[in-house]
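J.: One structure coming up, written as structure tokens, with questions to follow.
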Amino acid sequence: MTKLVTYTFEDGVALIQMDDGKANVLSPNMFEQLNAAFDKAEADEAVVVLTGRDGGVFSGGFDLSIMMSGPEAAVALTGQGSRFALRILQHPFPVIAATGGHAIAMGAFTLLACDYRIGGDAGTKTGLNETQIGMTMHHFGIELAREFIPKNYLNRSMINGEIFSPEDAKLAGYYDILVAKDAVIDTAKASAKMMAMLNMRAFKGTKLKSREALIAKLEWAIDEDSKMSVLE
175 MTKLVTYTFE
185 DGVALIQMDD
195 GKANVLSPNM
205 FEQLNAAFDK
215 AEADEAVVVL
225 TGRDGGVFSG
235 GFDLSIMMSG
245 PEAAVALTGQ
255 GSRFALRILQ
265 HPFPVIAATG
275 GHAIAMGAFT
285 LLACDYRIGG
295 DAGTKTGLNE
305 TQIGMTMHHF
315 GIELAREFIP
325 KNYLNRSMIN
335 GEIFSPEDAK
345 LAGYYDILVA
355 KDAVIDTAKA
365 SAKMMAMLNM
375 RAFKGTKLKS
385 REALIAKLEW
395 AIDEDSKMSV
405 LE
């Protein structure tokens, strides 16, 4: 299997880097390796920094060659993406997203699932382009967007399929802070070390308690999405 994900653990911080040499498309192999990396991070009780190669492109979304290969493959891959995002939302230690590059579709949903999001301040595109490419949004995507995207940006993001500049992406809820692209990884590592000082029992308890209703709704959404015969 081609190596798509690199795991590095140092000083309580797990750096998980996606790199397929291109747009970091989210495929079954990518999800398998990401889940294995998160298994390691949980065993190491680490704060996670999730990023692309050298802090560049985060992810261009699902592998469209698989999505277009047939309804069963599309529904299965959509489910994998939803379960991975749900895993991040329930992860017992902080998860920081760090990207100086693009985050589109499932890449942007992955950002939304993280506890803290750091983006590059120039030259990047972020957003949900499903309606641009002829895909009706799945239940999971709708519910996740409703939770984390401000109401005045929700229609623009989810229905209109608008792709945002860094500043607008921050206003739309995809990023918490923006920094220079070459400072993204260092900023993320510094933030991770600060978060490592939290009481992790309290962090986990508060994270899960505050998201109890959301998690139940997302589990329902995953079940509903699994019944789709096609992604229209």
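Numbered per our numbering, the sequence shown spans residues 175 to 406. Here a beta-carbon is modelled for each residue, glycine too, at the ideal position from N, C-alpha and C.
Buried or exposed: where does I307 fall if 16 or more other Cβ atoms within 10 Å of its Cβ makes it buried?
T.: Counting from one through the sequence shown, the residue named residue 307 turns up at place 133. Counting Cβ neighbours within 10 Å, I307 comes out exposed, since fewer than 16 surround it.
J.: Please look up how many angstroms separate the CB atoms of H276 and F212, rounded, as I've assumed it's under 8 Å.
T.: Along the sequence shown, one-based indexing puts residue 276 at 102. Along the sequence shown, one-based indexing puts residue 212 at 38. At roughly 22 Å, the Cβ-Cβ gap does not stay under 8 Å, so H276 and F212 are not in contact.
J.: Bridge partners for R291 per DSSP, in chain order?
T.: As a position in the sequence shown, residue 291 is number 117, starting the count at 1. Per DSSP, A271.
J.: For the beta strand (DSSP E) holding E180, just list the boundary residues, first then last.
T.: In the sequence shown, the residue the question calls residue 180 occupies position 6. What sits at residue 180 in the sequence shown is Thr, not Glu. For T180, the enclosing beta strand (DSSP E) starts and ends at V179 to E184.
J.: Check each candidate in D397, G335 and V187 and name the one with the smallest Cα separation from R279.
T.: Numbered from its first residue, the sequence shown carries residue 279 at position 105. Before going further, note that residue 279 is Ala rather than Arg in the sequence given. Considering only alpha carbons, the answer is G335.
J.: If you reduce the DSSP assignment to three classes, tell me which class E406 lands in.
T.: In the sequence shown, the residue the question calls residue 406 occupies position 232. Confidence at E406 is low in this model, with a pLDDT of 49, below 50, so its placement is unreliable and no value can be given for it.
J.: Can you look up F283 in the DSSP assignment and give me helix, strand or coil?
T.: One-based indexing of the sequence shown puts residue 283 at position 109. Looking at F283 - three-state DSSP - the assignment turns out to be helix.
J.: If I measure Cβ to Cβ from S201 and keep anything under 7 Å in the same chain, skipping five residues before and after, which residues do I get?
T.: Against the sequence shown, residue 201 aligns to sequence position 27. For S201, where only same-chain residues beyond five positions count, the Cβ hits under 7 Å are D237 and I240.
J.: Kindly identify the DSSP beta-bridge partner or partners of S233.
T.: Locating residue 233 in the sequence shown gives position 59, counting from the first residue. A277, per the DSSP bridge assignment.
J.: Is F338 near G301, with beta carbons less than 7 Å apart?
T.: The sequence position of residue 338 within the sequence shown is 164, counting from 1. The sequence position of residue 301 within the sequence shown is 127, counting from 1. A contact, by the Cβ cut-off of 7 Å.
J.: Compute the distance between the beta-carbons of G347 and I323, then report whether it is under 7 Å.
T.: Here residue 347 refers to the residue found at position 173 when the sequence shown is read from its first residue. Here residue 323 refers to the residue found at position 149 when the sequence shown is read from its first residue. In this structure, I323 lies closer than 7 Å to G347 by Cβ.
J.: Can you give the Cα-Cα distance for A364 and V249, rounded to whole angstroms?
T.: As a position in the sequence shown, residue 364 is number 190, starting the count at 1. As a position in the sequence shown, residue 249 is number 75, starting the count at 1. Using only the alpha carbons, I get a separation of about 38 Å.
J.: Spell out the partners DSSP gives M192 in its beta bridges.
T.: Translated into the one-based positions of the sequence shown, residue 192 becomes position 18. Answer by DSSP bridge pairing, in chain order: V179 and G226.
J.: Between the Cα of N373 and the Cα atoms of M192, E219 and E398, which residue gives the shortest distance?
T.: Sequence index remark: in the sequence shown, residue 373 carries index 199 (1-based). If we check each option's Cα against that of N373, E219 comes out closest.
J.: Can you check whether the CB of F283 is closer than 7 Å to the CB of L318?
T.: Taking the sequence shown and counting its residues from 1, one reaches residue 318 at position 144. Taking the sequence shown and counting its residues from 1, one reaches residue 283 at position 109. Result yes, Cβ atoms of L318 and F283 sit closer than 7 Å.
J.: Quick one: grab the DSSP three-state call for L263.
T.: Position 89 of the sequence shown, counted from the start, is the residue given in the question as residue 263. Three-state result, L263: helix.
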